[in-house]
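Protein chains: 2
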Amino acid sequence: MAADTARNRGLRRKPYEALWRHLASLASLSDQEMSMVRQTCAVASEVAAGAELYSEGDVLRKPAALLSGWACRLRVLADGRRQIFDFLLPGDLFGYGAAGNRIAFTSALTLTAVRVASVDCLLEMAGEPDRFPGLSRAFVAARARQDVFLLNHVVRLGQQTAYERLAHLLVELSHRLGEIGHETGTFVPMPLTQEMMGDALGLSAVHVNRTLKQLRRERLIELRATSMRVIKPAALAAIADFRWPLPALSSP
Amino acid sequence: MAADTARNRGLRRKPYEALWRHLASLASLSDQEMSMVRQTCAVASEVAAGAELYSEGDVLRKPAALLSGWACRLRVLADGRRQIFDFLLPGDLFGYGAAGNRIAFTSALTLTAVRVASVDCLLEMAGEPDRFPGLSRAFVAARARQDVFLLNHVVRLGQQTAYERLAHLLVELSHRLGEIGHETGTFVPMPLTQEMMGDALGLSAVHVNRTLKQLRRERLIELRATSMRVIKPAALAAIADFRWPLPALSSP
DNA sequence: CGACATATTGATGGTAGTCAAACCTGGTGG
DNA sequence: CCACCAGGTTTGACTACCATCAATATGTCG
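Residue numbers (this note's numbering), protein chains in the order written: chain W, 517 to 768; chain L, 517 to 768.
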């Protein structure tokens, strides 16, 4: 099984670890809330790589979390060009609309085999800020975080060179992986193909390849088949004009 | 109808007309709600061109509507490069965060002199879906609309050529102006300089100029100093792979 | 092993950036 | 009234970044 090899290589992780770490990084959760998060992750389903999680125009009925594996939100143009809006990493929430909206404005596609858990019940809890302030704030922050990533993405695409774009994407992913327990400076998962990076960054796969080569030559990163190591995070961040953390979020 | 003469002259619109038309295009409003919208617009303040409406990181305390004039949301990079995320047109709401978030992730800048009205009270009404379903749905839809514009913007920047990007932007603006009473096919306001278009589309002002020239040569558009006429909307939309209207929004 | 996807490298061309100069146009003030 | 100026537009010449096409590795899985 692909899932086994992937897990054996890295640390053996509990099914709930990514979601738990992710939410905890967004707001402090009560014992009860943490317990609910763990319970939620107990029931998960496997989805193969390359499958559609939902499609543009769908009614969003099934809020969910990614427990393992990667996915992306994207749009496919009439002539087959693809634009990836953002990547979904383990621990990320998806499939719930902003502020009452229930229609998907993008499609979502798995990039690797993934494990998915429904978070219906967490989302309902988050709707009661008085009883569950932690979860409530975490869900608001999760959405805000996604909005910020999208704005950063616009800046990458509009203003940065291929070199800067790639640096920016890699630091961003590195930081996000850090939040779910992968220490920066070590080898972390990187299952994206160069074509996927190209579809996200508005570059051809060939040019992604050449640019990665340059980053490697300069000893800023090190690449393996499905993992990566950021050697000089600060240098990469400087190249990319990368900003982290998110602007502080107000409490409701 | 008073609106007709106003439209023909291109000026002398009622202060509330743009906001009223905009909200009405998003949801049907009750008489009471419409009356409140008009009252809200009775108190407005003038802001000069080039002023900051709010700044990245600010706490959003003053939800407002643009009654006249244009503005934009943007970010300025460390080295002075600017990326415009979207344009605010008369009738547009701004300065209220998504889903409980109260921090501005972008700055907002006026591009012309504008008139602004606080919509605090409308926003509060929108928070009571049972009493004010129309306003409530309109505010949700307004936010969803902005999200869709941002996603479209990513596609423009990532996948389209300068020619396509400009066509896409112009059709989008043309449609939005249509919603607030400027008939497509006639001369409509276009106060953007070529530099502003470039900052939005990730192009140099010089290249915007050349590309506009091409669109004019092909008799797709006609440009005056501060106004524009889209001669062949369908052709422009085809070039840009433009999609309208928004995906239908579900009722709450 | 053979089929297939992905990565790598080279050669070539087109799209769009940069630099620079000229040209409007509307506003200001002598 | 005209000179002047600032900001915006237009055009040309040159450059560079990145796409495309093509061919070869490398790797993975049935």
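For glycine and all other residues, C-beta sits at the position ideal for the given N, C-alpha and C. All figures in this text were calculated on a predicted structure; none of them were measured in a lab.
With a cutoff of 8 Å on beta-carbon distance, L/LEU752 and L/LEU673 are scored as not near each other. For the stretch 659-682 of chain W, residues whose beta-carbon sits nearer than 8 Å to a beta-carbon of chain L comprise ARG659, ALA660, ASP663, VAL664, LEU666, LEU667, HIS669, VAL670, VAL671, LEU673, GLY674 and GLN675. Under the Cβ criterion of 8 Å, W/THR622 is counted among the residues facing chain L.
Among the residues facing chain L, W/PHE601 is included, as its CB has a counterpart in that chain under 8 Å away. Sequence-distant partners of W/ALA567 (beyond 5 residues in either direction) whose C-beta falls short of 8 Å from its own C-beta, in its chain, are LEU625 and THR626.
The Cβ atoms of L/ILE747 and L/ARG735 sit closer than 8 Å to each other. Nearest C-alpha to W/VAL630 among W/SER584, W/LEU542 and W/ARG647: W/SER584.
The alpha-carbon separation between W/MET641 and W/SER652 amounts to approximately 7 Å. Looking at W/GLY650, W/VAL671, W/ILE600 and W/LEU582, the one whose alpha-carbon comes closest to that of L/LEU717 is W/VAL671. For chain L, the residues of the stretch 703-737 of chain W that bring a beta carbon within less than 7 Å of one of its beta carbons are GLY718, in chain order. Considering only W/GLU711, W/PRO705, W/ARG759 and W/ASP715, the residue with the shortest C-alpha distance to W/GLU738 is W/PRO705. One finds GLN675 in chain W with Cβ atoms closer than 7 Å to the Cβ of L/ARG597, taken in chain order.
With a contact defined as Cβ atoms closer than 8 Å, L/VAL632 and L/LEU708 miss out at about 19 Å.
Within the DSSP secondary-structure output, L/PHE610 pairs in a beta bridge with L/ALA580. Leaving aside the five residues that flank W/CYS557 on each side, the residues in its chain whose CB is nearer than 7 Å to its CB run, in chain order, PRO531, TYR532, LEU535, LEU583 and ALA633.
Taking a Cβ-Cβ threshold of 9 Å, the residues of chain W close to L/ALA594 are ASP757, in chain order. Note that the stretch 535-549 of chain W touches the stretch 595-614 of chain W; at least 3 beta-carbon pairs, one per stretch, sit closer than 8 Å. Checking the DSSP bridge columns, you'll see W/GLN730 has no partner listed. At a C-beta separation below 8 Å, W/ARG692 has no neighbours in chain L, since its nearest C-beta there lies roughly 17 Å away. Bridge pairing for L/GLU568: L/LEU625 [DSSP].
W/ARG740 and W/LEU728 have their C-alpha atoms roughly 12 Å apart. The residue from W/PHE621, W/ASP636, W/GLY616 and W/ARG659 with its alpha-carbon nearest to that of W/LEU542 is W/ARG659. Nearest CB-CB separation between W/ARG577 and chain L: not below the 8 Å threshold.
Counting only Cβ-Cβ distances below 8 Å, L/ARG591 has contacts in chain W at LEU667 and VAL671, in chain order. About 5 Å separates the Cβ atoms of L/PHE621 and W/VAL664, confirming a contact at the 8 Å cut-off. Annotation: W/SER743 is outside any alpha helix (DSSP H); the continuous beta strand (DSSP E) that includes it extends over 743-746. Counting other Cβ atoms within 10 Å of its Cβ, L/VAL559 stays below 16 and is therefore classed as exposed. Nearest C-alpha to L/VAL635 among L/GLN730, L/PHE758, L/TRP760 and L/GLU549: L/GLU549. Taking C-beta separations shorter than 8 Å and ignoring five residues to either side along the sequence, the partners of L/CYS637 in its chain run MET552 and THR556, following chain order. For W/ARG597 against L/GLN675, the beta-carbon gap comes to about 5 Å, under 8 Å, which counts as contact. For W/ALA543, there is no enclosing alpha helix (DSSP H), as DSSP marks it with neither H nor E.
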